[in-house]
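Residue numbers (my numbering): 6 to 208.
Step one of this worksheet: look at the structure below.
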C-alpha cells in the first residue's frame with residue numbers, strides 16, 4: 006500500500022520511517038527548538054527578513070488560501086485576482102463565499118498574462134492583488150517582476166499562492182515586495198523533504 010500526501014506526490018520512504026518512531030510532544034523544549042529552527046530556515050528560503058512572521062497550519066493549501074482571505078481582507082478592501090486556472094479560480098470562489106469585494110482578470114486556457122491585462126486596472130482603488138504564481142492547472146508561470154511592479158505602482162498588498170513555485174522557481178519576498186506567501190508541502194516543497202503546511206505573512 007502507498008501513502009500519499011494531499012496532492013500528486015508520494016511521501017518519501019524516509020518520511021514514513023520517521024513517522025514510525027513517534028512524535029516529539031509539542032510542550033517540550035525539543036519541539037519548540039525544532040519549530041524555531043525550521044521557521045528561521047523557511048524565512049531564509051523565502052527571502053523574508055521579518056521576525057515572527059510565519060504561521061504553521063495543519064491543513065491543506067486551500068485552507069491556507071482561505072485563511073488569507075478571512076484574516077487579511079476587510080470589508081473596505083477591493084481585491085484583484087489573476088484567474089487563469091483552477092487555483093486562481095479558487096481564490097475567486099473563496100472571496101465570493103466570504104462576501105469580499107473583488108474583480109478578476111480572467112485568462113483563456115493557456116493565455117499568458119501580459120502587461121496589457123493589467124493596464125486597465127491601474128489607479129482603480131484596488132487594495133490587494135491575489136495570484137497563484139505558478140498556475141499548474143494550465144502550466145502558466147506568471148511574471149513575478151511585472152506583478153510586483155504593478156502592486157508597487159498602485160500601492161497594493163501582494164498576496165501570492167506559491168505552493169507550486171516555492172523552491173521550484175525564483176521567489177524572494179523582500180525583492181519583489183510580497184506581503185503574504187502561501188506555501189504547502191505537496192508540490193515544489195516536497196522535493197526538499199519538508200512535511201509541514203504553512204501560511205507565511207510578511208507583516
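For glycine and all other residues, C-beta sits at the position ideal for the given N, C-alpha and C.
Self-check item: Continuous beta strand (DSSP E) stretch holding residue 172: start and end
Solution: That residue, residue 172, is in no beta strand (DSSP E); it is neither H nor E in DSSP.
Quiz item: In chain order, what residues of the same chain lie with their CB nearer than 6 angstroms to the CB of residue 107, ignoring the 5 residues before and after it?
Solution: 84, 86, 100
Quiz item: Mind pulling the beta strand (DSSP E) runs of 3 or more residues that sit fully within the segment 25 to 67?
Solution: As far as the segment 25 to 67 is concerned, its whole beta strand (DSSP E) runs of at least 3 residues are 59 to 62.
Quiz prompt | Endpoints, the alpha helix (DSSP H) within which residue 123 is located | solution = 120 to 124
Self-check item: Terminal residues of the beta strand (DSSP E) in which residue 166 lies
Solution: 162 to 166
Exercise. Compute the Euclidean distance between the alpha carbons of residue 90 and residue 34, then round it to the nearest angstrom.
Key: 43 angstroms
Exercise. Tell whether a beta-carbon distance below 7 angstroms holds between residue 183 and residue 66.
Key: no
Quiz prompt | Whole-angstrom distance between residue 26 and residue 64, CA atom to CA atom | solution = 22 angstroms
Practice problem: Excluding the 5 residues preceding and the 5 following residue 129 in the sequence, name in chain order all residues of the same chain whose CB lies nearer than 6 angstroms to its CB. | Solution: Same-chain partners within the cutoff: there are none.
Quiz item: Apart from the five residues on each side of it in sequence, which residues of its chain come closer than 7 angstroms, Cβ to Cβ, to residue 74?
Solution: 99, 100, 103, 105
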